[in-house]
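Read left to right, the sequence shown gives residues 8 to 571 (my numbering).
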Amino acid sequence: MIMAVDRTKEHIKWLEETYKVEATDIIDKKLYQHGGTRQSKRKTEYIEYANKIAKERGIPSYDPDHIALELEIGVPLGQRYLEPVKISGTDVFCEYEDLHMLNNAAIQQMIDDIFRTAIVCLDLPHRVLIDRYGFEVTPESINRYLETINHTMVGGAVAQEHMCELHPGLCPDGYVKVFTGDDDVANSLDKRFVIDINREFPEEKAAKLKEGVKRSLWQVSRIPTHALRSMDGGMVHRWNAMGQTMAFISSYHLCAGEAAISDFAYAAKHAQYIWMGTPPFISKARGHNSIVGLPIGYIFDIIQHESAMPEDPIPVSSEGLAMESVLFFQLYYGQMMIGTVGATVAPATFYVNDLYESRGYHLTDWIKKKYGEFASAPMNWDTIHDCAEEATMHCLEEYDIYPLLPEHHWGLIHAIQISISASACAAWATGNSMAAALAAHHSMTLIQKESILRTGWGGQESTHHPAMAIMTSVLLDEGLPVELTGLNVPFRSPFADSQHFTSHGLVAAHEARMDAWALSPVVKVAFADPHLVFNFRRVKETIAKGALREFEPAGERDIIRPAR
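What follows is the structure, encoded as C-alpha cells:
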C-alpha cells in the first residue's frame, strides 16, 4: 500500500510554511535567487561584525562573499534557501546559526551544568567522624558544615588567613546541596540546602527514588562554571575535594596533623564519589568529566521532563533526543572531532519542525495495534525486525512522496533519521534498550541498504555491520549493558551516528517501562535541583531561549573586564 499525500502531518505543514512551496514540488524554481548570504539575518550580522573586527585589528576575518565571489574559492553561500526552523514543542522560530553550540549560550550551559557536577556520599566521612574521632554527627552539625562548604566551594578561605579568594560575582552558580531517601533526616536539615525528592517528583516516582537512594546522605556540589571553563572537567573532583575537606576540618574543628586525618581525607574526597564521566581515550588528552566517558544511562537520569506515560512515551523521549543530539553529535562529533563549522544542522534536525514527534505518533499507534501496549512486545529477533522494518519503510515512503523532505534532510541525515525512528519503535515496543540499538543497526545495515543502496560515505556504515554481534557478546568493553556504554567503546567512537541511536533508544526504552531512573537514582535526584542554571525539565524550551538570545548563562567575566 502506497502512502497517500497528507499535508496535515505536523512536520510537513511546518516545512511548507518555512520553505513557502508545496511539499510535493520537485524543482526549486528560485534556486540561486534566494539572496545569497543576505537572506540570513545572522550571516548578515556576522559579515558586518567581522568587517568591524578586520578594521580594528588590521587582519581579515570572516568574509564569505569576498572568498567565494571575488577570490572564487569554495562555494558561494546562499544559493539554496537558508530555511528558518521551529524548535519542536515550542513556537520559537530561529536560524540554524542560532543552534551552533558556540552561538547558543543555553547549549553551552547544558554541557557545563552536567560536567561541573560533583556527587559524593557523606556516609563514610560521617562514620570516620563518629568512629575515629568520637564526634556526634547531628542535624545541627550537618547544617553548620553545609553553610561552611557553600563558602569554601566558591573559593572562600577558612583554614588560613593569608589566602586570596574568588570574587563572588564570578561564581554565583557555585553552591552545595544534599539529599536522602530518609524523610525524617531530610526534614531535619536546613531547607535551603536540600533537594526535596517529595517535591521534585510525582509520588510514585519519589517512592521508587527514595527506595533507590535509601538512608544515605548524598552531597551535590556545583563547581562554578567560570572555573570549569578556565580548566576542564578533570578539575571538578579536585575542586570539590578541597572545598569539602576544608569545610569538614573547619566545621568539626579537626586537626590537620592528626593520624586519623588521612583516613578522613580519603573518605571525604574519594571513597564514595560519583564521576559524571570517565577520562577519554588518550588521543583526546582530557581528564575526567568528559563527554567521551559519560555513560549513556545518565542521559535518561539527567532528563527531568514530566512523563505522559502510560499513554505517551514521546514527550520524554524527544527531550532525551534533543539532549543527546547536543552532547554526542554537536559537542563530541561536531566540535571535539571536527571543529570550526562543526556539525549543527544534522543534530538540530532531530529537535526542530516537530518531525520526530509526528513520525513518533505513527509508530506509537502501530505499536498499540500490534502489541497492545508499550513495553509488552517479546524481546526477540522477530520483534526487532518488525519494528525496524515498519519505521524504516514509513520514513522511506515519506522521502519518496515529499521531495521537500530530503531537501531538509540532506546527505546522511535521512539515514540517521530513519535509524532513530527504528530505535524508538523497538524501544517503545519492548522497553528494552538493547532491542532499540539492534533495531537501529539492523535498519542501517540491511533494510536501508537493500532499499536505497547507500547509507553513508567512506565506510560510514562500517560500524553498524559488526555492532549487532559485538553488542550481544561478552566482550569486556563492547558487550556491556547498554546503560554503561559510551563513546569510549571502540566501535562507537569514530562516528556520531552509532552513539546517537543507542543513547536515544535507551531513553525511549526506559520511558516506555515507566522507570524512575535508568542507571543511577542518585544522578536522577541530583539533576532535579531547581537552582541549576540550565532547565533540565525543559530542554528544548531552554535551547530555544538560547537561540533567541534570551538565556542568561553563568561563568561570565563582566565584573572583571572593562565596561563596553
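Don't be surprised by glycine CBs; every beta carbon is placed ideally from N, CA and C.
It should be emphasised that the depicted structure is a prediction, and the values quoted were computed from it without experimental measurement.
Residue i, DSSP secondary structure in three states
i, result
"V201", "strand"
"V584", "Beyond the ends of the chain as shown, which are 8 and 571, falls residue 584; an answer cannot be given."
"F100", "strand"
"D319", "strand"
"A125", "strand"
"F186", "strand"
"Q226", "strand"
"V540", "coil"
"V352", "helix"
"V243", "helix"
"D484", "coil"
"F534", "coil"
"Q46", "helix"
"K36", "coil"
"G327", "helix"
"G418", "coil"
"P209", "coil"
"H169", "coil"
"D13", "coil"
"T437", "helix"
"A570", "coil"
"G512", "helix"
"K215", "helix"
Opposing strand residues paired with residue i [DSSP bridges]
i, result
"Y305", "DSSP lists no partner for Y305."
"K93", "F100"
"V359", "I94"
"I281", "I126"
Selection from the options that minimises the alpha carbon distance to residue i
i, options, result
"F541", "A329, Q424 and D119", "D119"
"A474", "H449, A112 and P488", "H449"
"G499", "D522, A516 and H472", "Sequence check: residue 499 is Arg here, not Gly. The residue with the shortest Cα to Cα distance from R499 is H472."
"L491", "D190, Y339, F534 and V299", "V299"
"R45", "L84, D389, E79 and K20", "L84"
"L328", "E405, W388, F543 and T232", "F543"
"K184", "V192, F200, A193 and L196", "F200"
"S257", "G43, V165 and S324", "V165"
"Y103", "A554, M478 and P560", "A554"
"A447", "T390, P179, M10 and A551", "T390"
"R245", "Y273, S223 and Y259", "Y273"
"K215", "T187, D191, G241 and L487", "T187"
"Y406", "A422, C394 and H392", "A422"
"A11", "A434, G438 and I408", "I408"
Whole-angstrom C-beta distance between residue j and residue i, which should lie under 8 Å
i, j, result
"G304", "L513", "7 Å"
"Q115", "M108", "6 Å"
"P354", "S332", "4 Å"
"N150", "D197", "5 Å"
"G294", "G241", "2 Å"
"F255", "A234", "About 20 Å separates the two Cβ atoms, so there is no contact after all."
Straight-line gap, residue i to residue j (C-alpha atoms, nearest Å)
i, j, result
"M386", "A516", "12 Å"
"Q251", "P569", "34 Å"
"P320", "E518", "6 Å"
"G349", "Q86", "20 Å"
"E147", "T549", "38 Å"
"T399", "R556", "37 Å"
"K37", "N58", "29 Å"
"E23", "I306", "33 Å"
"M521", "I156", "36 Å"
"P286", "D13", "48 Å"
"D189", "S527", "17 Å"
"P302", "A444", "15 Å"
"M330", "F336", "10 Å"
"G141", "A267", "11 Å"
"F508", "G493", "12 Å"
"T351", "I94", "14 Å"
"A30", "T15", "11 Å"
"L89", "I420", "17 Å"
"P231", "M238", "11 Å"
"Y152", "A61", "53 Å"
"V127", "E55", "49 Å"
"D98", "P537", "24 Å"
"A535", "W524", "12 Å"
"H369", "P67", "51 Å"
"S314", "F381", "14 Å"
"N495", "Y339", "12 Å"
"L482", "D308", "26 Å"
Beta carbon proximity, residue i to chain C, threshold 8 Å
i, result
"T549", "Going by chain labels, chain C is absent from the structure shown, which holds only one protein chain."
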